[in-house]
Amino acid sequence: DAGVTQSPTHLIKTRGQQVTLRCSPKSGHDTVSWYQQALGQGPQFIFQYYEEEERQRGNFPDRFSGHQFPNYSSELNVNALLLGDSALYLCASSLRQGAGEQFFGPGTRLTVL
Amino acid sequence: AQSVAQPEDQVNVAEGNPLTVKCTYSVSGNPYLFWYVQYPNRGLQFLLKYITGDNLVKGSYGFEAEFNKSQTSFHLKKPSALVSDSALYFCAVRDQNTGGFKTIFGAGTRLFVKA
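If you're matching them up, the sequences are chains A and B in order. Going left to right, the first sequence walks through residues 1 to 113 as my numbering numbers them. Going left to right, the second sequence walks through residues 1001 to 1115 as my numbering numbers them.
Here it is as structure tokens:
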């Protein structure tokens, strides 16, 4: 049983560009959340997707958007990249029902130059 | 608003000694509380959770945590530390009343276990 997978592992972009990160949830999970983890900090909640809709959102600008597909996989898109967007982006999957823990992927390391 | 505080940036302990990593939280409703561990260049791994019931929660790798509602704390503990426990530990909280999966993480505590 594969856990949460993310691609790519690393990514280097320049300011102003756009990036798409991808996530496949753990088998059987229907909810995907995205987090940004800057160096030396805890993960910051970006948003959560369930039934192909954004359900909750953290304090991130509209440059951050996402999508969830019928197979529960998800994408995170970031437009007009800033240097401050450099971080580890983590995808977490879970079951919508209950108070279950989240299962995290290994992350995508984004560097903006 | 939800918040989590991990007052120690780093905890040092000798192998075989007990360890405690501290966490306090703030939520408007009843909390779901979690501990996660992160190894270098890896995602977070779930250790344990508190939902309701017994205040002492047991989790993976011999870790346990004690929920204290009056002190709004959820400290992580282990009776005997191992060198392999050295990692970055995150406490996290969700508000049961607001629903959803918006989880707030603390800044993390780095644990060093010396042989």
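Glycine included, each C-beta is placed from N, C-alpha and C at the ideal position.
Going along chain B, which residues have a C-beta under 7 Å from residue i?
i        : result
Ser94/A  : Phe1101
Pro106/A : Arg1042 and Gly1043
Ser33/A  : Phe1101
Since residue i and residue j are thought to touch, with beta carbons under 8 Å apart, how far apart are those beta carbons, to the nearest angstrom?
i         : j         : result
Asn1046/B : Tyr1036/B : At residue 1046/B the sequence reads Phe, which differs from the Asn that was named. Right, their Cβ atoms sit about 6 Å apart.
Val1004/B : Ala1092/B : 6 Å
Thr14/A   : Arg96/A   : With 8 Å as the limit, Thr14/A and Arg96/A do not qualify as a contact, their Cβ atoms being about 38 Å apart.
Gly1043/B : Pro106/A  : 5 Å
Ser1086/B : Leu1111/B : 6 Å
Asp1095/B : Pro1018/B : Contact doesn't hold; Cβ gap of about 31 Å is too wide.
Ala1115/B : Glu1015/B : 5 Å
Glu52/A   : Gly66/A   : Wrong, their Cβ atoms sit about 10 Å apart, outside the cutoff.
Quick one: what does DSSP say residue i is sitting in, helix, strand or coil?
i         : result
Val78/A   : strand
Val4/A    : coil
Leu1019/B : strand
Gly1062/B : helix
Val1027/B : coil
Gly84/A   : helix
Asp1095/B : strand
Ser1080/B : coil
On the criterion of 16 or more Cβ atoms from any shown chain inside 10 Å, does residue i qualify as buried, or is it exposed?
i         : result
Pro43/A   : buried
Ile46/A   : buried
Leu83/A   : exposed
Phe1034/B : buried
Glu101/A  : buried
Thr9/A    : exposed
Val1083/B : exposed
Thr1103/B : buried
Gln68/A   : buried
Lys1078/B : buried
Leu113/A  : exposed
Leu1088/B : buried
Ala1001/B : exposed
Gly1059/B : buried
Ser93/A   : buried
Given that residue i touches chain A, what residues does it touch there, using C-beta distances under 7 Å?
i         : result
Gly1108/B : Gly42
Interface residues of chain B around residue i at Cβ under 9 Å?
i       : result
Glu75/A : What Glu75/A touches in chain B: nothing, since even the nearest Cβ is about 18 Å away.
Leu90/A : Gly1043 and Leu1044
Phe45/A : Phe1101, Lys1102, Thr1103, Ile1104 and Phe1105
Taking residue i as the query, report the chain B residues whose CB atoms sit under 8 Å from its CB, ordered along the chain.
i       : result
Glu53/A : Near Glu53/A there are no residues of chain B at all, since even the closest Cβ is about 12 Å away, more than 8 Å.
Applying a beta-carbon distance threshold of less than 9 Å, which residues of chain A neighbour residue i?
i         : result
Phe1067/B : Going along chain A, no residue has its Cβ under 9 Å from Phe1067/B, so there is no contact; the nearest lies around 14 Å.
Phe1090/B : Gly42 and Pro43
Phe1119/B : One cannot answer for residue 1119/B here, as it falls past the ends of chain B, which runs 1001 to 1115.
Would you check whether the ligand MG has a heavy atom nearer than 7 Å to the C-beta of residue i?
i       : result
Glu52/A : Among the ligands in the structure shown, none appear at all, so the ligand MG cannot be discussed.
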